[in-house]
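Residue numbers (the numbering used here): 923 to 1239.
All C-beta atoms, glycine included, are put in the ideal place defined by N, C-alpha and C.
Accompanying notes for the structure given below.
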Amino acid sequence: AGGGMTKKTATVLVTDDDPDLRDILRSILEPQGFHVFEAGDGEAALEAIRTRRPDLLILDYSMPRLDGPSVCRTLKQDLLLRHIPVIMLTGRGEVQDKVAGIDAGADDYLVKPFEPQELLARVRMALRRTAQELEANPLTTLPGNVSIEKEIESRLAAKEPIAVCYADLDRFKAFNDHYGFERGDQAIKHTAQVLLDAVKHCGQRSDFIGHIGGDDFIVVASPERADAICQDIIRQFDATIPTLYDEEDQAKGFLLHTDRQGNPLKVGFLTISIAVVTNLERPLTHLGQIAAIGAELKSYAKRFDKSLYVKDQRKIP
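Printed below as a string of structure tokens:
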């Protein structure tokens, strides 16, 4: 939803070492229906964010213990927090601060003193933009299709080596039909966590994880780490997925499921299939081409009754 973000009460974390300024910000935001919580410096802000994730962050540029740009850089390196929009407040109207703030990953900046209306406009704009970009999967809070496309296109433009890994679950529909949507949602959240962990263990900071929708995910990584990431995903997924099943089903090792026609079916546990498309052997030029190769590899991977990943090995004829 385009403006959906401001309709539900958006929470704003105000971080400044000046309590008067925090009061001013609170007095501007709260009457407009925003939920405000505060931190007195950068360290405190990071602690607060980890316990309670805000929809938007207002950060003062210069603070003790950890200044605005440092907080910003730390957030941008965290896959789950890097999408929180940041508005940086700079005291001196110095170009230097603005540049440093934007370099650190701030989405916008305001020079103090600011007009209340200006602040509100910037806050609403940042929230709206994030809502559109994330079109977030509310379930996993991973970035959605707009962000995924941007990410892949910018990497293609940079002509760097790239591995695009498409992952989805096998037999998810039967699992969902059998146990209901809530358990299905749990399986999807669980998969997102497995992907995040695998990228943390085996990938790089610049790797990207997106949620295409349903049980479809994407990981964009460097080709030399892709194998390790996929192996880690499969190992973790297969080791942990049985915990999502009822005890008697765990013991059996399958679901006794009735299909739409009323026939009893034995359905094996959920597995994960991953298709890896790289530009090592041939150039990748656009998203459609990557998706087409991915779909072809995926249908091949699905023929096997287990978690596995397949890589695009073909060279250009």
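Asked, Found
"Selected residue, minimal CA-CA separation from residue 1208, among 1220, 1074 and 1121", "1074"
"Cβ neighbours of residue 1216 in the same chain (closer than 8 Å, five flanking residues each side left out)", "1086, 1088, 1197 and 1199"
"Length of the line joining the Cα atoms of residue 1204 and residue 1067", "25 Å"
"For residue 1206, the three-state DSSP class (helix, strand or coil)", "coil"
"Candidates 973, 1094, 994 and 974, of which the one nearest residue 982 by Cα", "994"
"DSSP three-state assignment for residue 1159, whether helix, strand or coil", "helix"
"Between the CA atoms of residue 939 and residue 1034 - distance to the nearest angstrom", "14 Å"
"First and last residue of the uninterrupted alpha helix (DSSP H) at residue 1070", "1067-1079"
"Nearest neighbour of residue 1110, chosen from 1177, 1062 and 987 [CA to CA]", "1062"
"Segments of 3+ residues assigned as beta strand (DSSP E) that fall wholly inside the segment 936-991", "957-961 and 978-982"
"Host alpha helix (DSSP H) of residue 1133 (start-end)", "Looking at the DSSP string, residue 1133 is not in any alpha helix (DSSP H); the run it does join, the beta strand (DSSP E), is 1130-1135."
"Span of the beta strand (DSSP E), counted from its first residue to its last, around residue 1088", "1085-1092"
"Reduced DSSP category for residue 1112 - H, G, I as helix; E, B as strand; rest coil", "helix"
"Simplified DSSP state of residue 1191, which is helix, strand or coil", "coil"
"Where residue 1003 sits in the DSSP three-state scheme", "coil"
"Given 8 Å, three or more beta-carbon pairs between the segment 1140-1159 and the segment 1111-1125", "yes"
"Identity of the residue in 931, 1011 and 974 nearest residue 944 by Cα", "1011"
"When 1144, 1027 and 1097 are compared against residue 1082, the one with the closest alpha-carbon", "1144"
"7 Å CB neighbourhood of residue 1029 in its chain, flanking five on each side removed", "1007, 1008, 1009 and 1048"
"Straight-line gap, residue 1065 to residue 1129 (C-alpha atoms, nearest Å)", "13 Å"
"Counted within 10 angstroms of its Cβ, other Cβ atoms place residue 1137 as buried (16 or more) or exposed", "buried"
"Residue 1317 vs residue 976 beta-carbon contact at 7 Å", "The structure shown has nothing for residue 1317, since the chain only spans 923 to 1239."
"Three-state secondary structure assigned by DSSP to residue 1186", "strand"
"Classification of residue 1113 by the beta-carbon crowding that lies within 10 angstroms, buried from 16 upward", "buried"
"Classification of residue 1235 by the beta-carbon crowding that lies within 10 angstroms, buried from 16 upward", "exposed"
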